[in-house]
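What follows is a set of notes on a single structure, which appears directly below.
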Amino acid sequence: MEKIYLSDSGPKVSKAIYSFWRWEKENDLNEETAKNVIKHCIDLGINTFDLGNQETSSEFQKLFFSEIAHLGIKREEVVLFAKFGQQITDGIPHYNNTKSYLLQSLDKFLSAQKLEYIDIFLLDGLDYIADIEEIASTLEYIVHTGKAKHIGIANLNNSQHQLLSSFLHIPIVTSHIELSLLKPEAIFDGRLDFIKEKYSKPLVWAPLAGGEILKGEGEKAVKIRKVLTEIGQRENLNVEKLAVAWLIQLGALPIIGSLNLERIKNAAEATELKLKRSDWYRIFNVI
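Shown next, in the form of structure tokens:
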């Protein structure tokens, strides 16, 4: 799989990314399945992994590092990112972007995984009541001390992205956003344009809208699937590959979370496709 620069400041990543954030919710997950998924990703050329957030079970993450070592993959050969900045207190989920909490969360994460650094520290949501200057200086401190090589953001709107950028002296290399044919809002609300303005590419979660593009019965899902099916029959491509390839032509990098090896392969192979301009806009016209 081709490796590309995530931004003009780096790092170089695979065009498809695998995420572990869903693993805790998978009833069918066992050690053998997990190892097969990790090896399958490596065999497909995927070297970029979303380790979830500071609340993700460290057991899954330890299993990943164990299998990577077993396969002879060196730490510097993979690109790792994780999300920080959310907390649950007294049963209430909330943002916490304070310096003490961000540093404590990162140190705990690195220690649990026996890591010296993470490639991309993603700030997961902008804390409405934290000091924006403190947030920016904390992110800069994390990079300057070598605990992360780069910073990115997750689930910020366009104005929040711009606000945070204005206080930083280091680049935000990526934005982790929801984007799919069924959830195209980032195309129209300025988020995608601003990401491109900063010479970076978005990490796109739920590229198949949680499977709704493949099996959803809503009017919009059915309409989109009909167009994808017609193009797919002509080009000998399945709906899944077409839906992901459409996003990739926007400059997006799809995040895969499935345990199904065939679905992982479909997403990986979609990175090598390029839709005809007329087909891309035919799909665009039904979203």
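If you read the sequence shown in my numbering, its first letter stands for residue 4, the second for the next number, and so on. Glycine residues also receive a C-beta, built at the ideal position from the N, C-alpha and C atoms.
Alpha-carbon spacing of residue i relative to residue j, whole angstroms
i, j, result
"residue 136", "residue 74", "43 Å"
"residue 7", "residue 242", "25 Å"
"residue 195", "residue 189", "6 Å"
"residue 76", "residue 151", "20 Å"
"residue 200", "residue 172", "17 Å"
"residue 206", "residue 128", "15 Å"
"residue 162", "residue 34", "42 Å"
"residue 247", "residue 120", "31 Å"
"residue 287", "residue 208", "19 Å"
"residue 226", "residue 146", "45 Å"
"residue 125", "residue 100", "11 Å"
"residue 184", "residue 276", "17 Å"
"residue 25", "residue 56", "11 Å"
"residue 285", "residue 252", "14 Å"
"residue 62", "residue 42", "17 Å"
"residue 283", "residue 234", "10 Å"
"residue 168", "residue 193", "15 Å"
"residue 93", "residue 236", "53 Å"
"residue 220", "residue 240", "21 Å"
"residue 149", "residue 95", "32 Å"
"residue 80", "residue 5", "14 Å"
"residue 217", "residue 156", "29 Å"
9 Å Cβ cutoff met for residue i and residue j
i, j, result
"residue 262", "residue 40", "yes"
"residue 11", "residue 174", "yes"
"residue 134", "residue 98", "no"
"residue 84", "residue 105", "no"
"residue 18", "residue 232", "no"
"residue 224", "residue 238", "no"
"residue 54", "residue 116", "yes"
"residue 204", "residue 255", "yes"
"residue 179", "residue 160", "no"
"residue 144", "residue 111", "no"
"residue 38", "residue 66", "yes"
"residue 23", "residue 64", "yes"
"residue 47", "residue 290", "no"
"residue 164", "residue 198", "yes"
Same chain, Cβ closer than 6 Å to residue i, five either side skipped, listed in chain order
i, result
"residue 21", "44, 49, 52, 259"
"residue 269", "243, 244"
"residue 210", "183, 247, 250, 257"
"residue 141", "102, 105"
"residue 70", "38, 41"
Three-state secondary structure (DSSP) of residue i
i, result
"residue 294", "Since the displayed the chain opens at 4 and closes at 290, residue 294 lies outside it and no answer follows."
"residue 24", "coil"
"residue 241", "coil"
"residue 18", "coil"
"residue 258", "strand"
"residue 9", "coil"
"residue 172", "coil"
"residue 292", "Only positions 4 to 290 of the chain appear in this structure, which leaves residue 292 out of reach."
"residue 122", "strand"
"residue 132", "coil"
Cβ shell of residue i (< 8 Å), same chain only, five flanking positions each side left out
i, result
"residue 14", "8, 82, 122, 123, 152, 153, 176"
"residue 264", "39, 40, 43"
"residue 36", "262"
Chain-order list of residues whose beta-carbon lies under 7 Å from that of residue i (same chain, five-residue window excluded)
i, result
"residue 280", "none"
"residue 170", "135, 136, 139"
"residue 272", "244"
"residue 202", "10, 11"
Original post:
Unbroken alpha helix (DSSP H) runs of length 4 or more, entirely within the region 68-112: which are they?
Top reply: The region 68-112 contains no whole alpha helix (DSSP H) run of 4 or more residues.
Subject >> Uninterrupted alpha helix (DSSP H) stretches inside the region 27-58 (no shorter than 4 residues) >> reply: 34-47, all fully within the region 27-58.
Subject >> Runs of beta strand (DSSP E) lying entirely within the region 167-235, each at least 3 residues, in chain order >> reply: Taking only runs of at least 3 residues, the beta strand (DSSP E) segments lying wholly in the region 167-235 are 175-181, 206-208.
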